[in-house]
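In this note's numbering, the protein residues as written are 4 to 513.
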C-alpha cells in the first residue's frame with residue numbers, strides 16, 4: 004500500500020505528540036531521516052515528506068500529563084449516574100450545527116458550557132518518576148540534564164521532566180505547529196473524499212469556536228492518564244454527593260488538606276503508595292483497601308519492582324490499617340467485605356484510569372475497526388486493554404490512523420519515539436506494513452500474553468519491541484539500542500522503598 008499522507012494531524016502535545024511531530028519534520032520525501040546520530044540538533048530535510056503538520060492540544064501549553072497545575076479536575080462526578088463508564092464521564096461533544104462550511108478562520112461560535120473535560124494533569128507536589136531519569140528522554144534533541152534531583156537519584160522530579168519537554172520543543176522549533184486550547188471532538192473518514200475529518204473546538208474568550216478540517220492521516224497521542232476510573236461500588240455516588248470528601252488520586256495535590264484526618268486510600272498500586280508516603284506523616288490514621296488485602300497474595304509477590312510495595316503496606320511500624328475490598332458505602336460510613344464498618348474524613352480513589360477516545364467513539368466509526376478498548380472483567384471495570392493496533396501503533400482498520408504511547412513499559416519515552424519513527428517510515432513510503440493477516444496475528448499474540456498476566460512490557464521485551472518497530476523507520480534513522488546498553492530499570496525500583504521510608508521519616512524535605 005502506498006501512502007499519500009502530506010497533511011497530518013497530531014492530537015496531543017504531550018511527550019508522544021511532541022516526539023511524533025519532531026520525527027515527521029525530520030523525514031524527507033525520499034523516505035530518509037536526518038536524525039542519523041544522537042545529537043542535540045538535526046537539520047530539517049530540504050524536501051520534507053509531510054507538507055503540513057498540525058498538532059491539536061486542548062490545554063494552553065505543552066507537556067501533557069507532565070504539565071503541572073494547581074488547578075485540578077472534579078474529585079468525583081456525582082452528577083453522572085453511570086460514573087464508572089468512560090463514555091459517560093467524558094462523552095463526545097456535539098457541535099451546535101453543521102460544520103461543513105466552517106474553517107478555523109470562519110468558525111461557528113457558541114457559549115462555552117461547563118462540563119467534565121478531565122484536561123488537568125494528575126501531577127502533584129513532590130512527585131518524582133519511578134523510572135530512571137536517563138530513560139525519560141528521546142534519542143534526538145537536547146540531553147536530559149538533572150539539576151536538583153540528586154536526592155531522588157536515579158529518578159527525577161516531575162518539573163525536571165517538564166523542563167526537558169519544553170527544551171525539546173524549543174530546540175526543535177516545534178511550538179509554531181501547535182494549536183493550543185483546541186479540543187478534537189470528532190474524528191472520522193469521509194467515504195467520498197477518503198480524507199479524515201476533524202471537528203475541533205477552540206476556546207477563545209470564554210467562547211467555543213467550532214470548525215472542521217480535513218487531513219490525510221491522523222496520529223492519536225493523548226496519553227492514558229486523562230479519564231479517571233471510578234469503581235462501581237454500591238452507594239458510592241450517593242455517599243460522594245452527600246459528603247463531598249471522595250476524590251480520585253488525579254485530584255490530589257499535596258498533603259495539607261489531609262492533616263490530622265482519618266484517610267482511606269482505595270487501591271494498592273504504585274500510585275496509591277506514592278501518595279501514601281506523603282500522608283503517613285501528617286494524617287491521624289491511614290487506611291488502605293485493596294482486592295488482595297489482607298491475605299498472602301501480597302506476601303507472595305516476588306517481582307522486585309513490586310515486592311517493596313507489599314513490604315511497606317504490611318510493615319507494622321507504619322501503622323497502616325489494611326482492609327479488603329469495599330462491599331458498599333453506607334450513609335456515613337464504609338462497609339468492607341469482612342463486615343467491618345469504618346467512617347473516614349477523606350477517601351482517595353487510587354483506582355487507575357480508562358483508556359478512552361471520545362472523538363473516535365462515534366456512530367460514524369462503528370464497525371471500522373480503528374481501535375478496540377476493553378476491560379479484563381465486567382464492563383463496569385477499568386477500560387484499559389487496547390487491541391487492533393499493530394505494534395501498538397498502526398490501526399488495522401486503517402493504517403493512516405496511528406496511536407502513540409499505548410504499551411505500559413519502563414521505556415515509555417523511547418517506545419513513544421520509536422512508534423513515531425515507524426509512522427514516519429511507513430507514511431513516507433520508505434517501508435511497508437505486512438499483510439492484515441500478519442498484523443492481526445501479532446495483535447492476537449500480544450493479547451494472549453496480556454491474558455496470561457503479562458500486563459507490562461518489561462525492559463527486555465521492550466528492547467525487542469523497539470527493534471521490531473524501528474525496522475519500519477525511515478532510511479538512516481539512528482537506532483538507540485545499537486549504540487547503547489541500559490541497566491534493567493526494574494532493578495532501580497528497589498531504591499523506591501528506601502526513598503519511601505526517607506520521605507515518611509522526614510529525611511527528604513518535600
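Where is the CB? At the ideal position from N, CA and C, for every residue including glycine.
Buried/exposed call for residue i, threshold 16 Cβ in 10 Å
| i | result |
| --- | --- |
| residue 176 | exposed |
| residue 17 | buried |
| residue 88 | buried |
| residue 61 | buried |
| residue 112 | exposed |
| residue 197 | exposed |
| residue 82 | exposed |
| residue 116 | exposed |
| residue 181 | buried |
| residue 298 | Bear in mind that the predicted position of residue 298 carries a pLDDT of just 46, short of 50, making it unreliable; the figure below should be weighed with that in mind. Residue 298 comes out exposed. |
| residue 97 | exposed |
| residue 46 | exposed |
| residue 490 | exposed |
| residue 216 | buried |
| residue 456 | Confidence is the limiting factor: at residue 456 the pLDDT is only 49, short of 50, which leaves the residue's position unreliable, though a coordinate-based value still follows. Exposed: under 16 other Cβ atoms inside 10 Å. |
| residue 305 | The pLDDT assigned to residue 305 is 47, lower than 50, so where the model puts this residue is not dependable; a value taken from the coordinates is nonetheless given after this. It counts as exposed. |
| residue 125 | buried |
| residue 44 | exposed |
| residue 12 | buried |
| residue 507 | buried |
| residue 34 | buried |
| residue 294 | exposed |
| residue 344 | exposed |
8 Å contact criterion, which residue i and residue j should meet: CB distance rounded
| i | j | result |
| --- | --- | --- |
| residue 420 | residue 22 | 5 Å |
| residue 395 | residue 410 | 5 Å |
| residue 191 | residue 368 | 6 Å |
| residue 469 | residue 417 | 6 Å |
| residue 214 | residue 110 | 4 Å |
| residue 315 | residue 505 | The pair is not a contact, with the Cβ atoms about 12 Å apart (cut-off 8 Å). |
| residue 492 | residue 135 | 6 Å |
| residue 222 | residue 426 | 6 Å |
| residue 262 | residue 288 | Contact doesn't hold; Cβ gap of about 12 Å is too wide. |
| residue 90 | residue 364 | 6 Å |
Which listed residue (the options) has its alpha carbon closest to that of residue i
| i | options | result |
| --- | --- | --- |
| residue 121 | 226, 169, 45 | 226 |
| residue 239 | 24, 220, 351, 254 | 351 |
| residue 273 | 354, 42, 288 | 354 |
| residue 389 | 450, 422, 342 | 450 |
| residue 496 | 229, 310, 326, 220 | 310 |
| residue 32 | 69, 54, 204 | 54 |
| residue 142 | 507, 509, 481 | 481 |
| residue 257 | 270, 217, 279 | 279 |
| residue 51 | 10, 283, 148, 473 | 10 |
| residue 399 | 385, 201, 370 | 370 |
| residue 71 | 163, 291, 463, 386 | 163 |
| residue 443 | 397, 461, 472 | 397 |
| residue 26 | 377, 4, 235, 407 | 407 |
| residue 131 | 513, 73, 161, 430 | 161 |
Cβ pair residue i, residue j closer than 8 Å
| i | j | result |
| --- | --- | --- |
| residue 6 | residue 432 | yes |
| residue 86 | residue 80 | yes |
| residue 362 | residue 188 | yes |
| residue 63 | residue 212 | no |
| residue 428 | residue 479 | no |
| residue 502 | residue 127 | no |
| residue 159 | residue 119 | no |
| residue 14 | residue 224 | yes |
| residue 327 | residue 340 | yes |
| residue 56 | residue 28 | yes |
| residue 446 | residue 228 | no |
| residue 269 | residue 329 | yes |
| residue 360 | residue 129 | no |
| residue 66 | residue 138 | no |
| residue 291 | residue 271 | yes |
| residue 266 | residue 335 | no |
Per DSSP, the bridge partner or partners of residue i
| i | result |
| --- | --- |
| residue 30 | 36 |
| residue 258 | Answer is none; residue 258 lacks a bridge partner. |
| residue 345 | 337 |
| residue 142 | None; residue 142 has no bridge partner. |
| residue 9 | For residue 9, which the question treats as bridged, DSSP gives no partner whatsoever. |
| residue 42 | In the DSSP output, where bridge partners are listed per residue, residue 42 has none listed. |
| residue 51 | 31 |
| residue 220 | 11 |
| residue 318 | DSSP lists no partner for residue 318. |
Cβ of residue i within 8 Å of any chain D Cβ
| i | result |
| --- | --- |
| residue 254 | The question asks about chain D, but that chain is absent: this structure has only one protein chain. |
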